[in-house]
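Structure record follows, encoded as structure tokens.
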Amino acid sequence: MSSQGNSGDGLAVADPAVADGPLPKWKIVGPGLVVAATGVGAADMVATLVAGSRYGYALLWAVILGVILKIVLVEGAGRFTLATGKTIFEGWRTLGKWTTWYFGPYIMLWGFVYGATAMSSAALPLAALFPVFPLPVWAVAMGLAGLAMVWFGRYAIFEKVTAALVGIMFITVVGLAVIAVPDFPAMLRGLVPMIPEGGVLYTLALAGGVGGTITLAAYGYWLREKGWSTPRWMKVMRIDNRMAYVMTGIFVVAMLIVGAEVVAAAGITLSAGDKGLVDLSTVLNEKYGVVVGTGFLVGFWAASFSSIIGVWNGVSLMFADFWGNMRGKKSGHPDTLVGGKYFKFYLLWLTFPPMILFLLGSPIGLILAYGVLGSLFMPFLAITLLGLLNSKRVPKEWRNKWFTNIALGICALLFIVLGVQQLITALTPVFG
16 MSSQGNSGDG LAVADPAVAD GPLPKWKIVG PGLVVAATGV GAADMVATLV
66 AGSRYGYALL WAVILGVILK IVLVEGAGRF TLATGKTIFE GWRTLGKWTT
116 WYFGPYIMLW GFVYGATAMS SAALPLAALF PVFPLPVWAV AMGLAGLAMV
166 WFGRYAIFEK VTAALVGIMF ITVVGLAVIA VPDFPAMLRG LVPMIPEGGV
216 LYTLALAGGV GGTITLAAYG YWLREKGWST PRWMKVMRID NRMAYVMTGI
266 FVVAMLIVGA EVVAAAGITL SAGDKGLVDL STVLNEKYGV VVGTGFLVGF
316 WAASFSSIIG VWNGVSLMFA DFWGNMRGKK SGHPDTLVGG KYFKFYLLWL
366 TFPPMILFLL GSPIGLILAY GVLGSLFMPF LAITLLGLLN SKRVPKEWRN
416 KWFTNIALGI CALLFIVLGV QQLITALTPV FG
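Counting in my numbering, the sequence shown runs from 16 upward without gaps.
So this is what it looks like as structure tokens:
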């Protein structure tokens, strides 16, 4: 797709250079697919599998609600960027210094812990497929591969690689769901909202957690990299966002089917975290043969590695913008862009310091701080979008409509409840 917009530091207006040209057209591969793929990792896959194995299709409605909420959030981030020509961090700064005081420590600590988590997640299926090397060696290899791809690659290449990984994820997981033969009458009953006994946390997790990370806020930066930078691209952005999360929804529903039909039938309890997916591959080997079990591990790897390169690219752009602004350099300064020194610094921060955690295990203080800050990010995003998109910071025609405010309000409430639950989980070790 050709890029027909250009970015500026003020409010965005229709680009006169393309005013008489053809309207921008949408293609299936765009920033929406990148943000959706990055947000769905191995932990989300395990949570969905466990929910399916415990409650069958009873929480299918929560998956669909979650897709709708992510569409609303990401559309808000994209709309702010296209309507104003400002990055999301520039918008946050106008809400007060508190946003900077929160975001600065958060992005540093999050990157340190997430780097180790992401590298280990992508290494697990490789260690299962090729046990010739131990897990830490594969983890280091995945981090270095992500670093090289993002350091030397342009956005167009990064987007194509992500699309290929999404294709692998989709084929393996949706194909497995078809093989498992879903119970369609039960799925229809699962569209009726209800919370099964003991299922409150799983309901919240499926509605709010799947596909939801800091990378939702990176969408505006990927729009800029794509060349979608003025209100002229608003319709294209909205289609891009919706189609990407519809695909994500299909992927998550497929995982729910596998949980309900395969995990439950096998009568096993999956291990906590990413290791649960290795457990599942063992069951698949026994039930369907080595080809299916191996294929699932490949899909597991694709989901994990897409998150690595997505975070390495998108969150590095967010950090570069943040630090550039702190140093008095406006968004769009070469130091704040892909290949700039702030971007490269955070890339290195994501890759090398986290490798220390492979030796230390899980230091309780670090994990505690990560859990506390992490539980607050999604409420932070929802609440700040409400503030930005209802104010004069955005041209009137692009401000929230009443129904968008209701949806964002639901997002904020849901993420506050989820955040409190995660906060309690993080603080439990301290208070016993």
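Even glycine gets a Cβ: it sits at the ideal position worked out from N, Cα and C.
Under 8 Å Cβ to Cβ from residue i, same chain only, skipping five residues before and after it: list those, please.
i	result
Val193	none
Val307	Leu191, Ile194, Leu299, Asn300
Leu206	Leu75, Trp76, Ile79
Phe173	Val49, Met164, Val165, Ile324, Asn328
Can you find the residues in the same chain that come closer than 7 Å, C-beta to C-beta, to residue i, ignoring five residues on each side of it along the sequence?
i	result
Leu216	Gln436
Met209	Ala73
Pro39	Gln19, Arg247, Trp248, Val251
Thr109	Arg408
Thr177	Leu48, Val49, Ala52, Ser321, Ile324, Gly325
Val61	Leu285, Gly288, Asp289, Gly291, Leu292
Reducing DSSP to helix, strand and coil, say where residue i ends up.
i	result
Tyr72	coil
Glu105	helix
Lys405	Inspection of the sequence shows that residue 405 is occupied by Asn rather than by Lys. In this structure, Asn405 counts as coil in the three-state DSSP scheme.
Lys345	coil
Lys416	coil
Glu90	helix
Gly354	coil
Asp289	coil
Phe95	helix
Asp59	helix
Phe315	helix
Pro200	helix
Val147	coil
Thr321	With the sequence shown as reference, residue 321 is identified as Ser, and Thr is not the correct amino acid for it. Note: Ser321 maps to helix in three-state DSSP.
Thr187	helix
Met209	coil
Met310	Sequence check: residue 310 is Gly here, not Met. Correct three-state label for Gly310: helix.
Ser331	helix
Ser296	helix
Arg239	helix
Pro39	coil
Pro410	coil
Gly100	coil
Arg247	helix
Phe367	coil
Gly161	helix
Thr132	helix
State yes or no: is the beta carbon of residue i nearer than 8 Å to at least one beta carbon in chain C?
i	result
Phe395	Of the chains in the structure shown, none is chain C; there is only one protein chain.
Nearest to residue i by CA position, among the options, is which residue?
i	options	result
Gly325	Gly126, Trp107, Leu64	Gly126
Arg69	Glu276, Gly81, Thr366, Arg257	Glu276
Tyr170	Ser319, Ala138, Gly354, Lys250	Gly354
Asn420	Leu80, Pro369, Val87, Thr63	Val87
Gly291	Val82, Leu110, Gly304, Gly274	Gly274
Tyr234	Thr228, Leu295, Pro46, Ile122	Pro46
Tyr448	Tyr129, Val176, Met157, Arg108	Residue 448 lies beyond the range of the chain shown here (16 to 447); nothing can be said about it.
Ser322	Phe95, Gly158, Leu124	Gly158
Trp413	Gly81, Thr96, Ala66	Thr96
Ala57	Ile172, Leu139, Gly71	Leu139
Ala154	Ser319, Pro394, Trp364, Gly339	Ser319
Phe450	Ala131, Val432, Ala280, Pro200	Because residue 450 is not part of the residues shown, which for the chain are 16 to 447, the question remains open.
Thr230	Phe395, Gly329, Lys85, Lys112	Gly329
Asp198	Ala133, Ile172, Leu271	Leu271
Ile371	Leu438, Ala62, Val432, Ser135	Ser135
Ala222	Thr440, Pro410, Asp59, Leu442	Asp59
Gly214	Pro349, Gly54, Val65	Val65
Ile431	Val267, Trp417, Met393	Met393
Val293	Thr309, Lys302, Tyr303, Phe185	Thr309
Thr5	Trp113, Gly168, Glu174, Val188	The chain is shown only over 16 to 447; residue 5 falls outside these bounds and no answer can be derived.
Phe266	Met202, Phe185, Lys175, Trp338	Phe185
Val278	Trp338, Arg204, Tyr303	Tyr303
Thr228	Thr443, Gly54, Leu429, Phe446	Gly54
Return the chain-ordered list of same chain residues with a C-beta closer than 6 Å to the C-beta of residue i, the five sequence neighbours on each side being excluded.
i	result
Ile164	Looking at the sequence itself, residue 164 is Met, so the reference to Ile does not match. Closer than 6 Å at Cβ, skipping near neighbours: Ile324.
Glu240	Tyr170
Val196	none
Val82	Tyr260, Gly264
Ser17	Residue confidence for Ser17 is low, a pLDDT of 36 falling below 50, so the modelled location carries little weight; the figure read from the coordinates is stated next. Closer than 6 Å at Cβ, skipping near neighbours: no residue.
Leu84	Cys426
Kindly examine the ligand ADP and report whether one of its heavy atoms sits closer than 7 Å to the Cβ of residue i.
i	result
Thr245	No copy of the ligand ADP occurs in the structure displayed, which carries no ligand at all.
Stretch-stretch touch, CB-based, cutoff 8 Å, three pairs: the region 110–117 with the region 232–249: Per the Cβ contact rule, the region 110–117 is not in contact with the region 232–249 (fewer than 3 Cβ pairs under 8 Å).
Cβ pair count under 8 Å reaching 3, the region 297–315 against the region 129–149: Touching, yes.
Do the region 174–181 and the region 344–354 touch if we need at least three Cβ pairs shorter than 8 Å? No: the two stretches stay apart, fewer than three of their Cβ pairs being nearer than 8 Å.
If contact is defined by three or more beta carbon pairs under 8 Å, each pair taking one atom from either stretch, is the region 403–413 in contact with the region 90–108? At 8 Å Cβ cutoff, the stretches touch.
Check whether the region 326–340 and the region 92–110 touch, using three or more Cβ-Cβ pairs below 8 Å as the test. Taking 8 Å as the limit for Cβ pairs, the verdict is that the region 92–110 does touch the region 326–340.
Counting Cβ pairs, one atom from each stretch, are 3 or more of them under 8 Å apart for the region 48–55 and the region 259–268? Under the 8 Å Cβ criterion, the region 48–55 counts as touching the region 259–268, having at least three qualifying pairs.
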